[in-house]
Amino acid sequence: MNLSAPPPHLDRLLQPATAHPRAWDLLRSLCDDVGARFPCTEGDVAAVAWAQEALGLAGLERVHAEPAEATLWHRGAESCSLLLPRQQSVALTALGGSVGTPEGGIEAEVIEFASLEALDAARPEEVAGKVVYLHHVMPRMRDGTGYNAASAVRMRGPSHAARKGALACLVRSVGTDSWRAAHTGALWYHAGAPQIPAAALAIPDAELLHRALAEGKRVRTVLALGCSPMPVGMSANVLGDIPGTDLGGEIVLLGAHLDSWDLGTGALDDGAGCAIAIEAARRIASLPARPRRTVRVVLFANEELGSGGGRAYASAHAAEAGRHVAALEADQGDGKPWALRVPAAMRESALARALHASLAPLGIELDPGVSRGGVDLAPLGHLGVPFVDLRQDVTRYFDFHHTANDVLDNVSRVEIEEATMAFSVAVWLLANAEESFSGVNQGEGTATRADIAAR
Ligand SMILES: [Zn+2]
C-alpha cells in the first residue's frame, strides 16, 4: 500500500449501515438469546456456542474455542438496611470475589473514610468492630478519567479496612448515575489480610449514609451477603481468522470480552465490544479483497474477575506473539470513538499518520497519550505486542456499567454503528499497510487491571 493513498475499499467501510444496524442486531441476539455470561454458568456455555456461530456467519475461518481458566464466584441473596439514624432499606450488591457474611448478617456502626490513605491513617481502635464505608466520588467524563482511581478504592478497600479490624467494607458504587442500582466489580484481597465481606451501595443510598455521617449522626447498619468464592473452573476464548494474503503470517488482533457480570445482560460491558468486533470483521470479510495480514477476532473469557482469558490466550499463542503486529480491544461500551492512540515510539510514523487520516472522516483525533490496550491484551503487551487504541466516548457508560441496568435498552444503535465503522477502518488499514508497529516495545503503556479499557 502506498501510504499517501488510502487502502483499497476503505470507502466501503466508511459507509454506515443505518438501514440495518447489524452490530446492534448481533447484540440483541447476545442479550436476549444468551443473557448474562458469568464464567461456568449456563449463559457462559451458551455464549461460547453463540460466538462460534456468529464468527462463522460473519465469514471468519478457523473458528474455534480454546480453554481458559476462570475465577468463579456465586452472588447469592443480599440485603442491607440502615438501623440508625432511622430504619431504611438500602440497595447494595456484593463486590465480585467477596466472602459472604455469617448466618444472620453483620450488624455494626458505620465509620466513613474519604480515601484509602485516610483509612490507613486511622487508629485501629477507631475502626475495629465497625463497618467501613469508603466515600469516593467518580466524575462523569468523556474519557473515563476517574475510573482507575475509583476502582482502586473498590478493589483494595476491603483489605485495607480488614487490616484495621473492620467487620465489613462498603464502597460508594463506582459509577456516575443517581439510580438505586449498585455497581458490582472485582475486589482484590491482599495476602495476609483477613477476608471480610464487601459490597457497593447504590449511589443515592451511599449519599444518604454520607450525609448522615457528615451531620454527625450515628449510623448503624445490618447487612447480609450470601456470596461465596468458588474453585477455579474452565471457560473458553473464542477465536476466528480472516486469513491474510502475502503477509498472512502476521496478525492484527481485534479483541473484546465475552464474559459479563451476572446482574444485567452485559449489553455494554462487553456485549457491545463483541458485537463491534464481529461486525467489523464481517465488513472486512465481505470486501472484494482479502487483507494482506491475517485479521483475528478473539472474544476473551473471564475478564471481569481474574483475567483468565487474556492469560490463556497469551500463553497458548506465546510462540506467535512476535507475529502479532497490532492488537486492539473494544471494551468501552457502545460509545463513538473520538481519539486514536498508538505506541509512543510510533507517534510520528507514516503509519500513525495514515491511520489518523483514514479515521479523521469519523471525527477521530490523534491523542497525545500512549496506547494502553485493554485488560485482556495486557499479557500480550508483556510479550511485546504493540497496541492501538480507539478511545470511545464513555460519558454515559458508567451510568450502567456493572449494574442490573446494563441491558440492551441502554445501547445506542447510532453510536455502536459508528464504533463498528471506526474499528473496521483501523483494522483494515493495519492489515494492509506496508509498515507495521512490529518490534515497538509497548513498555510502560501496558494496561493494568484497573484501566478503563477495562470495563
Ligand atoms: Zn469490560
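Under our numbering, think of the first position of the sequence shown as 1, with each following residue one higher.
Built from N, CA and C at the ideal position, the CB exists for glycine as well.
These figures come from a predicted structure and were not determined experimentally.
>> Less than 7 Å between the C-beta atoms of residue 328 and residue 254, yes or no?
In response: Taking the first residue of the sequence shown as 1, we reach residue 328 at position 328. Taking the first residue of the sequence shown as 1, we reach residue 254 at position 254. A contact, by the Cβ cut-off of 7 Å.
>> Helix, strand or coil for residue 440? Go by DSSP, reduced to three states.
In response: Start at 1 with the first residue of the sequence shown, and residue 440 comes out as number 440. Coil.
> Smallest Cα separation from residue 240: which of 323, 251, 334?
Replying inline: As a position in the sequence shown, residue 240 is number 240, starting the count at 1. The option with the nearest alpha carbon to residue 240 is 251.
> How about residue 94 and residue 75: do their beta carbons lie closer than 7 Å?
Replying inline: Mapped onto the sequence shown, residue 94 falls at position 94. Mapped onto the sequence shown, residue 75 falls at position 75. Taking 7 Å as the Cβ cut-off, residue 94 and residue 75 qualify as a contacting pair.
>> If I measure Cβ to Cβ from residue 311 and keep anything under 8 Å in the same chain, skipping five residues before and after, which residues do I get?
In response: Translated into positions along the sequence shown, residue 311 becomes position 311. Correct list, in chain order: 68, 69, 379.
> Given residue 244, which residues of its chain have a CB within under 6 Å of its CB, disregarding the five upstream and five downstream residues?
Replying inline: As a position in the sequence shown, residue 244 is number 244, starting the count at 1. Here the set comprises 291, 292, 293, 294.
>> Considering Cα atoms alone, identify which of 232, 275, 399 is closest to residue 40.
In response: Position 40 of the sequence shown, counted from the start, is the residue given in the question as residue 40. The option with the nearest alpha carbon to residue 40 is 232.
> Cα-Cα, which of 209, 217, 195 is closest to residue 228?
Replying inline: As a position in the sequence shown, residue 228 is number 228, starting the count at 1. Selected option, being the one with the closest Cα: 195.
> Can you name, in chain order, every residue of its own chain whose Cβ lies under 7 Å from the Cβ of residue 180, other than the five neighbours on each side?
Replying inline: The count along the sequence shown starts at 1 and reaches residue 180 at position 180. Counting only Cβ-Cβ distances below 7 Å, and skipping sequence neighbours, we find 91, 202, 204, 205.
> Distance, Cα to Cα, residue 421 vs residue 162?
Replying inline: Your numbering for residue 421 matches position 421 in the sequence shown. Your numbering for residue 162 matches position 162 in the sequence shown. Distance between the alpha carbons of residue 421 and residue 162 is about 47 Å.
> Around the C-beta of residue 216, are 16 or more other C-beta atoms found within 10 angstroms, so that it is buried, or is it exposed?
Replying inline: Stepping through the sequence shown from its first residue, residue 216 is reached at position 216. With fewer than 16 other Cβ atoms within 10 Å, it is exposed.
>> Less than 7 Å between the beta carbons of residue 210 and residue 135, yes or no?
In response: Taking the sequence shown and counting its residues from 1, the one referred to as residue 210 is at position 210. Taking the sequence shown and counting its residues from 1, the one referred to as residue 135 is at position 135. Contact: yes.
> residue 108: buried (16+ other C-beta within 10 angstroms of its C-beta) or exposed?
Replying inline: Stepping through the sequence shown from its first residue, residue 108 is reached at position 108. With 16 or more other Cβ atoms within 10 Å, it is buried.
>> Does residue 67 come out as helix, strand or coil in the three-state DSSP assignment?
In response: As a position in the sequence shown, residue 67 is number 67, starting the count at 1. Residue 67: strand per DSSP, three-state reduction.
> Given a threshold of 16 other Cβ atoms within 10 Å of its Cβ, counted over all protein chains shown, does residue 102 qualify as buried or as exposed?
Replying inline: Taking the sequence shown and counting its residues from 1, the one referred to as residue 102 is at position 102. That one is exposed.
>> Just to confirm before moving on: does the CB-CB distance between residue 170 and residue 193 stay below 7 Å?
In response: Counted from its first residue, the sequence shown places residue 170 at position 170. Counted from its first residue, the sequence shown places residue 193 at position 193. The answer is no: Cβ separation not under 7 Å.
>> Nearest by alpha-carbon distance to residue 284: which of 55, 132, 28 is it?
In response: The sequence position of residue 284 within the sequence shown is 284, counting from 1. Checking every option, the nearest Cα to that of residue 284 belongs to 55.
>> For residue 417 and residue 128, what's the separation of their Cα atoms in angstroms?
In response: The residue you call residue 417 lines up with position 417 of the sequence shown. The residue you call residue 128 lines up with position 128 of the sequence shown. Each residue's alpha carbon lies about 52 Å from the other.
> Can you give the Cα-Cα distance for residue 1 and residue 401, rounded to whole angstroms?
Replying inline: The residue you call residue 1 lines up with position 1 of the sequence shown. The residue you call residue 401 lines up with position 401 of the sequence shown. Bear in mind that a pLDDT of 48 at residue 1, under 50, signals an unreliable position, so the number given afterwards is only what the model happens to contain. The alpha-carbon atoms of residue 1 and residue 401 are separated by roughly 40 Å.
> Hey, is residue 331 close to ligand 1, as in C-beta under 6 Å from one of its heavy atoms?
Replying inline: For the purposes of this step, residue 331 is identified with residue 331 of the sequence shown, where counting begins at 1. Because some heavy atom of ligand 1 lies under 6 Å away, the Cβ of residue 331 counts as near it: yes.
> Based on the DSSP output, what are the partners of residue 187 in its beta bridges?
Replying inline: What you label residue 187 is simply residue 187 of the sequence shown in a count that begins at 1. Residue 187 pairs with nothing; no bridge assigned.
> Can you give the Cα-Cα distance for residue 444 and residue 84, rounded to whole angstroms?
Replying inline: On the sequence shown, residue 444 is found 444 positions in, with the first residue counted as 1. On the sequence shown, residue 84 is found 84 positions in, with the first residue counted as 1. With a pLDDT of only 48 at residue 444, under 50, the local geometry of the prediction cannot be trusted, and the value read off the model is given with reservation. The alpha-carbon atoms of residue 444 and residue 84 are separated by roughly 48 Å.
> To which residues of the same chain is residue 167 closer than 7 Å at the C-beta, ignoring the five residues directly before and after it?
Replying inline: Position 167 of the sequence shown, counted from the first residue, corresponds to residue 167. Here the set comprises 106, 108, 129, 130, 131, 196.
> Going by DSSP, which residues form a beta bridge with residue 78?
Replying inline: Here residue 78 is taken as the residue at index 78 of the sequence shown, counted from 1. Partner(s): 225.
> Is DSSP giving residue 377 helix, strand or coil here?
Replying inline: Taking the first residue of the sequence shown as position 1, residue 377 is located at position 377. Note: residue 377 maps to helix in three-state DSSP.
>> What would DSSP say about residue 408, mapped onto helix, strand or coil?
In response: Residue numbering aside, residue 408 sits at position 408 when the sequence shown is read from its first letter. Helix.
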